[in-house]
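Right, one structure below, let's go through it.
Number of protein chains: 2
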Amino acid sequence: MKRILNVVMLVLLAGVICGQENKAELVEDFKPSSTNQPGQEYPMVNSEGRVRAQILAPDATYVQLDIGGVKYDLVKDDDGVWTGESAPQDVGFHYYQLNIDGASVPDPGSLLFFGACRWGSGVEIPAPDQDIFALKDVPHGHVHEILFPSKSTNTSRRAFVYTPPGYQQESSTRYPVLYLQHGYCENETSWPSQGRVNLIMDNLIAEGKAEPFIIVMTYGMTNDIKFGELRKFDIKPFQTVLIDELIPYIDTHFRTLASQEKRAMAGLSMGGMETKQITLNRPDVFSHYGLFSGGTYNPDELKEHDGLKLVFLSCGSKERPEGVKNAVVDLKNEGFNAVSYISEGTAHEFHTWRRSLYQLAQLLFK
Amino acid sequence: MKRILNVVMLVLLAGVICGQENKAELVEDFKPSSTNQPGQEYPMVNSEGRVRAQILAPDATYVQLDIGGVKYDLVKDDDGVWTGESAPQDVGFHYYQLNIDGASVPDPGSLLFFGACRWGSGVEIPAPDQDIFALKDVPHGHVHEILFPSKSTNTSRRAFVYTPPGYQQESSTRYPVLYLQHGYCENETSWPSQGRVNLIMDNLIAEGKAEPFIIVMTYGMTNDIKFGELRKFDIKPFQTVLIDELIPYIDTHFRTLASQEKRAMAGLSMGGMETKQITLNRPDVFSHYGLFSGGTYNPDELKEHDGLKLVFLSCGSKERPEGVKNAVVDLKNEGFNAVSYISEGTAHEFHTWRRSLYQLAQLLFK
Numbered sequence: 001m002k003r004i005l006n007v008v009m010l011v012l013l014a015g016v017i018c019g020q021e022n023k024a025e026l027v028e029d030f031k032p033s034s035t036n037q038p039g040q041e042y043p044m045v046n047s048e049g050r051v052r053a054q055i056l057a058p059d060a061t062y063v064q065l066d067i068g069g070v071k072y073d074l075v076k077d078d079d080g081v082w083t084g085e086s087a088p089q090d091v092g093f094h095y096y097q098l099n100i101d102g103a104s105v106p107d108p109g110s111l112l113f114f115g116a117c118r119w120g121s122g123v124e125i126p127a128p129d130q131d132i133f134a135l136k137d138v139p140h141g142h143v144h145e146i147l148f149p150s151k152s153t154n155t156s157r158r159a160f161v162y163t164p165p166g167y168q169q170e171s172s173t174r175y176p177v178l179y180l181q182h183g184y185c186e187n188e189t190s191w192p193s194q195g196r197v198n199l200i201m202d203n204l205i206a207e208g209k210a211e212p213f214i215i216v217m218t219y220g221m222t223n224d225i226k227f228g229e230l231r232k233f234d235i236k237p238f239q240t241v242l243i244d245e246l247i248p249y250i251d252t253h254f255r256t257l258a259s260q261e262k263r264a265m266a267g268l269s270m271g272g273m274e275t276k277q278i279t280l281n282r283p284d285v286f287s288h289y290g291l292f293s294g295g296t297y298n299p300d301e302l303k304e305h306d307g308l309k310l311v312f313l314s315c316g317s318k319e320r321p322e323g324v325k326n327a328v329v330d331l332k333n334e335g336f337n338a339v340s341y342i343s344e345g346t347a348h349e350f351h352t353w354r355r356s357l358y359q360l361a362q363l364l365f366k
Numbered sequence: 001m002k003r004i005l006n007v008v009m010l011v012l013l014a015g016v017i018c019g020q021e022n023k024a025e026l027v028e029d030f031k032p033s034s035t036n037q038p039g040q041e042y043p044m045v046n047s048e049g050r051v052r053a054q055i056l057a058p059d060a061t062y063v064q065l066d067i068g069g070v071k072y073d074l075v076k077d078d079d080g081v082w083t084g085e086s087a088p089q090d091v092g093f094h095y096y097q098l099n100i101d102g103a104s105v106p107d108p109g110s111l112l113f114f115g116a117c118r119w120g121s122g123v124e125i126p127a128p129d130q131d132i133f134a135l136k137d138v139p140h141g142h143v144h145e146i147l148f149p150s151k152s153t154n155t156s157r158r159a160f161v162y163t164p165p166g167y168q169q170e171s172s173t174r175y176p177v178l179y180l181q182h183g184y185c186e187n188e189t190s191w192p193s194q195g196r197v198n199l200i201m202d203n204l205i206a207e208g209k210a211e212p213f214i215i216v217m218t219y220g221m222t223n224d225i226k227f228g229e230l231r232k233f234d235i236k237p238f239q240t241v242l243i244d245e246l247i248p249y250i251d252t253h254f255r256t257l258a259s260q261e262k263r264a265m266a267g268l269s270m271g272g273m274e275t276k277q278i279t280l281n282r283p284d285v286f287s288h289y290g291l292f293s294g295g296t297y298n299p300d301e302l303k304e305h306d307g308l309k310l311v312f313l314s315c316g317s318k319e320r321p322e323g324v325k326n327a328v329v330d331l332k333n334e335g336f337n338a339v340s341y342i343s344e345g346t347a348h349e350f351h352t353w354r355r356s357l358y359q360l361a362q363l364l365f366k
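Taken in order, these protein sequences are the chains called R and E. Take the first sequence: its position 272, counted from the start at 1, is 272 in UniProt numbering, and no numbers get skipped. Take the second sequence: its position 71, counted from the start at 1, is 71 in UniProt numbering, and no numbers get skipped.
Set out below in C-alpha cells:
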C-alpha cells in the first residue's frame, strides 16, 4: 500500500514538474489551420486545440499571440523567427491578432475575416462535426453579392444571397427565404465567410435533410452604436431597410415565395436581438423565428402572432443555456412550436452559430 | 539686376532648405483612402498621391511604410503613434504593407486584397477618371460566387460570375460571356475586388456604352509556379479547367449565348499570357481576345483564326507602350480588327487594367 502511495506521489510530482515546463505538456501534432492563406504553414493547431503562431520579426522586443482575450508570449530563435502557443481553445472559429512591440496587427499567415469590428485574422480549431461545412463533391448553390437601392439611407447597400443548387438551371421553381443576421461588430460577409452558410446548406440539401431555400444576409447597421449602448439601439432604420427595401428587392430579383408563410428571420447575438425586435414589431412578415445566442421570447410576446410556425432558440453550452431551455419549455406549455438547441462545448462564437443554422435549416418551411 | 539675382538665390536656397525639411514639402490635404476599413482614418492620401500611414506601436524601434518597392520611415510621437508618408504614387490602386521591427504585416487600417501572392493591404490614389468605377444610383448586376466541379483537378473550384442588371428579373434573355483572368500572384477575387468589375460594367451599361454581358473570373493556377519560372508555365491544366469544365458549367447554369461568336477571353499580365496561349491552342472557342499588359499577337499567329472579331491590346504608358502600338499597326495592316489602348500615367498595376476593361467592354460583342 505504501508502495502504491509512493507511485501516486511520484506521478503527482511529475505532473507538477510538467506544469512548470509548459512546453513539455504540448501535444506535438500541430497542423496548419484550414483558414490559413494559400501555402502558409502558420498558424498551426494541435489536437488539444492550442494555436501555434509564428512570424519573422528580427528586430522586435516582444511578440504575442492575442486570442480569446489572453496574450501569449512568443519566443524568438536565432533567425529572428518568433513562435509560441496559446492555451487550448474551444472547437470552431476564433478571431485573433498578433501584438508586435505593442502594435495590434493581422497575422499575415491567416485569411482575414470581418469580426471584432475589423478585418482581421481567424483560426479554425477542428471540431468533431466539422463535416457539416466540409467542401464536398455535391451540387453547390451560388452566393450572389448584390447591391440593392435604399432610399431611406440614400445608398446602394450590399447583401449576399445564397441560392440553392438547381436555382440557376431552372426557370420556374420558387423558393422560401431566410433572412439571416450577423452579430455586433460583424457584417454581411460574416455569415457567408466564417459562417460557411453555403457549404452547410449544400451538404444538408444533398443529404435530403433540408428543403432548398434562399438565404439573404445584409449589414445590420451595427457599427453605428457602441458596445455599451446596445440597449439604446434603435431598430427602426434597419427595420425600414430590411422590410421596406431589401425584401421587395429580393422578391423582385429572385424567384421567391413572397408570403409570410415562406419567410423566416434569424440572427446571432445582436442579430438575434434585431430578429426579436423586428418580428415583434411586424408579426405579419415572418413565420419562422430563430435567435442564436440572441435572447428568448416569452409566450405573452407571441400571443397575437397569427401564422407563427416555429420558434428556434439556441446558444452554446458555455453560455447560459438554462435561459434558452426554460424559455422553450414555457413556449411549448402555451402551445407554441418551439425548439431549443444547445451547442456542446462552445461559447459565444461562430461554431455555436454554424451548428444552430445546421439545426434550424432542417426545421424551416416543413 | 544684382538685386534680382539675390532674390533668385534666396528662392533657390529656400528650396534647398525645404528639400531637407521633407515635411514642409507635403501638401496638407490628406484624406482617408476609399479602401480603408470601416471607420478608419488611416492610411490617408493627398493630392500629390502621397500615402500617409499611421499605427500605434509604443514599444517598436522602427516602423516603415512599404509601398512601390520602397520603405519609408515613420516617426513616433509621445503617445507611441508612428506616422509617415511615401513619395507620390501613380493614380489608382497599390498593394502595400507595414514593417514593424522587421515584421512585414498588413496595415490594420486598410481593407485587404489578394495580390503579391497574399491577402494584404491596398490603397487607392484618386484618379481623374475614378468615376468609371464609382458606386452610383444605377441598376446593379450581381456577382455570384460559384463552386464548379473539376474532374481534372479533383476539386470543386471557385469562380466569380458577374451577371448584368436585368439578368435576374428576366427568364429568357441570353447573354454573351467574357472570361477574364487575373495576373501572377493574384486570384479569382482580384478582378471583382480591386478590379471593380461589377461597378465598371454597371456604369457602362447604364450609360448605354456597353452591351450587357456576363463576366466569368476564376483562378488561373498561378501559385503553382515561381515567378522566375513563368516561361516554363504549362497552360494545359488550366486550359482543361477553363475549356472542358468551367465553360460547360457556365453554359449549363447561366443563360449564355454558347457560341464562339459570343464568347471572349481577356486577361492581365500573366492572365494575358494565358489568354494568348489558350486562344492560339483553341481558336474555335473565342472570337474576341484581350491582352492587358500581357503581350501581343503578330498577324502570322492569327492567320488561321476563323471567326476572330477583335484583338484588343493595352498597357500603361509607364510600361512599354510601343510594343502594343506597333503590334496593332501590324495587325491592322493585315486586315485584323485590332485596337490598342495606352493607360496614361500608370504602370503595371490595377488602374491600367480597370481602364483596359472599361475600353474593351465598349467594343465587345458589337
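Virtual Cβ for every residue (Gly too), placed ideally from N, Cα, C.
At least 8 angstroms separates the beta-carbon of residue 177 (chain E) from that of residue 205 (chain E). In the structure shown, residue 151 (chain R) adopts coil according to DSSP, grouped into three states. Proximity of chain E to residue 60 (chain R) at the Cβ level (cut-off 9 angstroms) is accounted for by 59, 60, 61, 100, 101, 102, 103, in chain order.
Annotation note: the segment 205-285 of chain R contains the following uninterrupted beta strand (DSSP E) runs of length 3 or greater, listed N- to C-terminal: 214-218, 263-268. Residue contact check for residue 106 (chain R) against chain E: a CB pair falls below 8 angstroms. Residues of the segment 124-141 of chain E that bring their beta carbon within less than 9 angstroms of a beta carbon in chain R comprise 135, 136, 137, 138, 139, 140, 141, in sequence order. Look at residue 91 (chain R) here: in three-state DSSP terms it is coil, with no helix or strand label. Within a 10 Å sphere around the beta-carbon of residue 154 (chain E) sit fewer than 16 other beta-carbons, which makes this residue exposed.
Secondary structure in the segment 19-65 of chain R: the alpha helix (DSSP H) runs of 4 residues or longer, each lying completely within the stretch, are 22-25 in chain order. For residue 323 (chain E), the enclosing alpha helix (DSSP H) starts and ends at 321-333. Bounds of the beta strand (DSSP E) holding residue 103 (chain E) are 103-105.
Under the Cβ criterion of 8 angstroms, residue 149 (chain E) is counted among the residues facing chain R. Around residue 334 (chain R), no beta-carbon contact reaches into chain E at under 9 angstroms, the shortest distance being about 42 angstroms. Contact check for residue 336 (chain E) and residue 302 (chain E): beta-carbon distance about 6 angstroms, within the 8 angstroms limit, so the pair qualifies. Residue 333 (chain R) and residue 116 (chain E) have their C-alpha atoms some 60 angstroms from each other.
For residue 358 (chain E), the enclosing alpha helix (DSSP H) begins and ends at 350-361. Residue 217 (chain R) and residue 346 (chain R) have their C-alpha atoms roughly 24 angstroms apart. Contact of residue 145 (chain R) with chain E by beta-carbon distance below 9 angstroms involves 142, 143, 144, 145, 160, 192, 198.
Taken through DSSP and simplified to helix, strand or coil, residue 160 (chain E) comes out as strand. From the listed residues R:46, R:61, R:59, the smallest Cα separation to residue 86 (chain R) is found for R:46. By the CB criterion at 8 angstroms, residue 268 (chain R) and residue 287 (chain R) fall outside the cutoff. Per DSSP, reduced to three states, the secondary structure at residue 364 (chain R) is coil, with no helix or strand assignment. Straight-line spacing of the CA atoms in residue 72 (chain E) and residue 94 (chain E) works out to 15 angstroms. In terms of beta-carbon proximity, residue 253 (chain E) lines the interface with chain R, with at least one pair separated by less than 8 angstroms. The beta strand (DSSP E) runs of length 3 or more contained entirely in the segment 165-210 of chain R are, from start to end of the chain, 177-181.
Secondary structure at residue 308 (chain R): coil, using DSSP grouped into helix, strand and coil. The beta carbon of residue 204 (chain E) does not come within 8 angstroms of any beta carbon belonging to chain R, so the residue lies off that interface.
If you check the CB distance, residue 292 (chain R) and residue 352 (chain R) come in under 8 angstroms. For the segment 272-297 of chain E, the set of residues with a beta-carbon nearer than 8 angstroms to any beta-carbon of chain R is empty. Counting C-beta pairs closer than 8 angstroms gives fewer than three between the segment 359-366 of chain E and the segment 186-194 of chain E, which falls short of the contact rule. Exclusion of the five residues before and after residue 256 (chain E) leaves 174, 175, 177, 214, 250 as the residues of its chain whose Cβ lies within less than 7 angstroms of its Cβ. A Cβ-Cβ contact shorter than 8 angstroms links residue 184 (chain R) with residue 270 (chain R). Residue 317 (chain R) and residue 68 (chain R) have their C-alpha atoms roughly 17 angstroms apart.
For residue 340 (chain E), the enclosing beta strand (DSSP E) covers residues 338-343.
Residue range 288-292 is occupied by the beta strand (DSSP E) that includes residue 291 (chain R).
By the C-beta criterion, the segment 29-37 of chain R is judged to be in contact with the segment 118-129 of chain R, since at least 3 inter-stretch pairs fall below 8 angstroms.
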